[in-house]
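In the working numbering, the protein residues as written are 4 to 278. Report on the following structure.
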């Protein structure tokens, strides 16, 4: 898929995210919008999977360690054919397969339940170690973290373990949108120099524009067969001006009126991309 085609997919995905979170008046909107370009690039360019055979033995693994970004992941899974797009509108409803955070026992394409920050990354490191011990093909484990998630001590324990066991089959990506639930990351817990910290723990670090799916796709491709941290510079709420860098929308959806305006802008952009 070309960079232009990936870009078009990101707009379609943003439309789905705004529609689903507005319809159910729930879900983490801003953080889903900041990471959607990453997920589109991953699922449509690099991740090896079969939507019609979720348990395919030779599949790569993906873990959404920032589990609150579930609306973005659900959108991409639906776009890839794991389930109908219409099911997105059951988000967070009782008995829905699409809970507020991913539940692996309910939905195909979910490798492990996540939501408690730090645990998803630790699990991903364990998956990579398991694949290495089994000498099980060239499967790569991909894992997406929030930047505020780096406050968790568990993240650094897992990072150290990945280096200790010399894992060469794991790619981590940080959605570096500079916000977490309590405010900016610099105010809550300064992360910089973030790249140097990951290098010190034995990881190759690549920094990319987190809203350029072509650049992200290339970084993901090059990361296969290694232990890489991709720091993706993003804007929280990207694609919806009212939500961009507005932390009030960390876990709040748009009002129907605001959603109508946002969708009109996104539909216009989609039309422009088709020309």
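Note that the Cβ used here is the ideal one computed from N, Cα and C, for glycine as well.
Beta-carbon spacing of residue i, residue j below 8 Å
| i | j | result |
| --- | --- | --- |
| residue 76 | residue 105 | yes |
| residue 32 | residue 255 | yes |
| residue 262 | residue 79 | no |
| residue 41 | residue 178 | yes |
| residue 67 | residue 117 | yes |
| residue 143 | residue 172 | yes |
| residue 25 | residue 257 | yes |
| residue 101 | residue 89 | no |
| residue 128 | residue 164 | yes |
Residue i in three-state terms, based on DSSP
| i | result |
| --- | --- |
| residue 261 | helix |
| residue 168 | coil |
| residue 183 | strand |
| residue 154 | helix |
| residue 225 | helix |
| residue 277 | helix |
| residue 272 | helix |
| residue 54 | coil |
| residue 231 | strand |
| residue 188 | helix |
| residue 146 | strand |
| residue 66 | strand |
| residue 18 | helix |
| residue 173 | strand |
| residue 207 | strand |
| residue 218 | helix |
| residue 109 | coil |
| residue 87 | coil |
Assigned exposure category for residue i - 16 Cβ within 10 Å defines buried
| i | result |
| --- | --- |
| residue 23 | buried |
| residue 59 | exposed |
| residue 49 | buried |
| residue 34 | buried |
| residue 96 | exposed |
| residue 2 | This structure does not reach residue 2, given that the chain is present from 4 up to 278, and the question cannot be answered. |
Rounded Cβ spacing between residue i and residue j (contact assumed at less than 8 Å)
| i | j | result |
| --- | --- | --- |
| residue 211 | residue 222 | 5 Å |
| residue 216 | residue 44 | 4 Å |
| residue 174 | residue 233 | 7 Å |
| residue 293 | residue 125 | The structure shown does not extend to residue 293, since the chain is modelled only from 4 to 278, so the question has no answer here. |
| residue 147 | residue 69 | 6 Å |
| residue 36 | residue 17 | 6 Å |
One or two residues paired with residue i in a DSSP bridge
| i | result |
| --- | --- |
| residue 212 | 236 |
| residue 137 | DSSP, once it has assigned bridges, lists no residue as partnering residue 137. |
| residue 178 | 149, 235 |
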